[in-house]
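Chains as they are written, first to last, in our numbering: chain A, 1 to 297; chain B, 1001 to 1297.
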């Protein structure tokens, strides 16, 4: 049974009854599990994490839209977090037994349905967008809801689905497909912040490093050490072990060693298995060999 | 939901209708999955692999006994593989959300029930046995069914449960708890069989190596290389990465490198995660962080 994860971001974080109604609508869809949801009052925004197969996830996202659109009006919405829509962002993430292509197809299907059923303009992003200037969420969201009508007036920002003007109360939605994020930190056996910053610069994409790494150097003052803090945005193409080994080698250059690394939050088992395969030089390994996978077929 | 695996070995591998009846009896128990079963005619023996929670697995094993005892008479049974009973060996293996202690308790509970319900003497083995001379299956089975009456005449071989004499047609059963086995091979970049044999001797328990490693050196003639072939009998106490690193270091002594390693058959995900944790120096890692585990809670 294929598993797709979706993590919609909704522009409501202050009215618990609205958040509860959205959560209830998601839970009511058979085949979908609402794994988590959290709200931030100052952001005035909530994040829902759900999992299921394509058809169930689609039904749950549409049910979520119905609740959100009935309750949220961006014309009176305030909050610290940038937002373009009442339902602001809807990513689909391949977890198991499903390809990125299938998640892209699902994003387009849901985008088309959201546009036709609710009259909301939809921008595809990340893997679902074929347009290089429309892959990055921050680029699409720049100007926010308040600047949306002007932005949509330019041909550059014609939506992928739906009307050429914003929905009056719901703005626009950004829908797409991406790999799971891994939040990964490496702690160095030194208090030299310059070393952490130089290593971060060496490995992150923006300054010439690996394609799917975002990185920054930080001090952990209470421990007297420094940290290279990272987001790995595609663990298949830029695997954890390659990042670890590169940081280790760069640190050696400064006479510094790796104290430990840490994964913050969740990690797909395939990302850990890839590290075991690499270091153990496993010649021919298949996920079917993992006992738990066999038990759950 | 806790998962225990059981892999009973039954002394019947030639009559498909008997094997099918046993398989059907296991499948009929709710909460149990029969993952695999295979029969060997020359051994005249079948192996059933099932998984479920403690109560379901117990019910399935007892249902299996009923079918096997009705159909098998060891007085007329022949086969190459040594055997002591119609149901010869029943191991319980902790897979997920269950401790070894719970599997030991289950082995004793099933052993007691088999003895009282069917009048079969039961020997506990491996982790379920408190007696060091009764842990090893081969020691218990020595003399086989044909020598069992004489063996049981000595106080040394009084059973853990049930009568002091063999069951006329079903002999005795060996029931216990053990860790999952991992079949693990390391291929060396050389054709020198002596190197593979020396490394196997260095790492296996019987000649001074790691406590939970069985190993032998083999030639892979068609590839012109040699292999250290191993069984890892407790991956928690003798982990894969430590075996790999020790073989690598021993090989260096002879100017030889590791070409690749391979896991044959199934491996618990915890054994792979331990390798990732070790090499990536993960400071604080919990199985709860594996996304799939969270999805399946």
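All residues carry an ideal CB built from backbone N, CA and C; glycine is no exception.
Taking a cut-off of 8 Å on C-beta distances, the region 1176-1185 of chain B touches the region 1227-1238 of chain B, as three or more cross pairs fall below it. The region 113-121 of chain A makes no contact with the region 70-78 of chain A: fewer than 3 CB pairs, one atom from each, lie closer than 8 Å. For the region 1134-1194 of chain B, the continuous beta strand (DSSP E) assignments of 3+ residues that do not extend past its boundaries occur at 1173-1177, 1182-1188, in sequence order. Residues 180 of the same chain have their beta carbon placed closer than 6 Å to that of residue 268 (chain A), with the five preceding and five following residues left out of the count. Here the region 1146-1165 of chain B makes no contact with the region 1192-1209 of chain B; the two share fewer than three CB pairs at distances below 8 Å. Using a CB distance cut-off of 9 Å, residue 249 (chain A) does not count as an interface residue toward chain B.
Residue-level contact check: residue 294 (chain A) touches chain B, since one or more beta carbons of chain B fall below 9 Å from its beta carbon.
For residue 1107 (chain B), not one C-beta of chain A is nearer than 9 Å to its own C-beta. Sequence-distant partners of residue 1097 (chain B) (beyond 5 residues in either direction) whose C-beta falls short of 6 Å from its own C-beta, in its chain, are 1002. Closest in C-alpha terms to residue 189 (chain A), from the list A:175, A:203, A:251, A:139, comes A:251. According to DSSP, residue 291 (chain A) shares a beta bridge with no other residue.
Only 268, 269, 272, 273, 275, 276, 279, 280, 281, 282, 283, 284, 285, 289, 290, 291, 292 from the region 268-292 of chain A bring a Cβ to less than 7 Å from some Cβ of chain B. Residue environment: residue 149 (chain A) is assigned as exposed (fewer than 16 neighbouring CB atoms within 10 Å of its CB, all protein chains considered).
Segment contact: the region 1033-1042 of chain B against the region 1117-1135 of chain B, fewer than three CB-CB distances shorter than 8 Å; contact not assigned. Taking the Cα positions, residue 175 (chain A) is about 35 Å away from residue 285 (chain A).
Taking C-alpha positions only, residue 52 (chain A) is separated from residue 1081 (chain B) by approximately 47 Å. In this structure, the beta-carbon distance from residue 1282 (chain B) to residue 260 (chain A) falls below 9 Å. Shortest Cα-Cα distance from residue 1005 (chain B) to any of B:1039, B:1060, B:1249, B:1147 involves B:1060. Checking the DSSP bridge columns, you'll see residue 1227 (chain B) partnered with B:1187, B:1218. For residue 265 (chain A), the chain B residues whose Cβ falls inside 8 Å of its Cβ are 1289, in order along the chain. Relative to residue 262 (chain A), the option among A:240, A:44, A:277, A:143 whose CA is nearest is A:240.
Residue 50 (chain A) sits in a strand when the DSSP states are folded into three classes. For the 9 Å CB-CB criterion, residue 1215 (chain B) and residue 1209 (chain B) form a contact.
For residue 1035 (chain B), the C-beta contacts it makes with chain A under 8 Å involve 294, 295, in order along the chain.
Residue contact check for residue 1262 (chain B) against chain A: a CB pair falls below 9 Å. With contacts defined as CB atoms closer than 9 Å, residue 1291 (chain B) and residue 95 (chain A) qualify as a contacting pair. Judged by DSSP in its simplified three-state form, residue 1285 (chain B) adopts coil rather than helix or strand. Relative to residue 1088 (chain B), the option among B:1155, B:1025, B:1243, B:1140 whose CA is nearest is B:1140. Residue 1066 (chain B) is outside the set of residues whose beta carbon lies under 9 Å from a beta carbon in chain A.
With contacts defined by Cβ atoms closer than 9 Å, residue 1170 (chain B) and residue 1068 (chain B) form a contacting pair.
Around the Cβ of residue 160 (chain A), a 10 Å sphere holds 16 or more other Cβ atoms; the residue is buried. Within the same chain, Cβ atoms closer than 8 Å to the Cβ of residue 100 (chain A) are found at 94, 127, 177, 179, the five residues on either side in sequence being excluded. Judged by DSSP in its simplified three-state form, residue 1113 (chain B) adopts helix. For residue 92 (chain A), no Cβ of chain B is located within less than 9 Å of the residue's own Cβ.
The beta carbon of residue 95 (chain A) falls within 9 Å of a beta carbon belonging to chain B, placing the residue at that interface.
Interface annotation, residue 22 (chain A): not in contact with chain B, CB-CB separation never under 9 Å.
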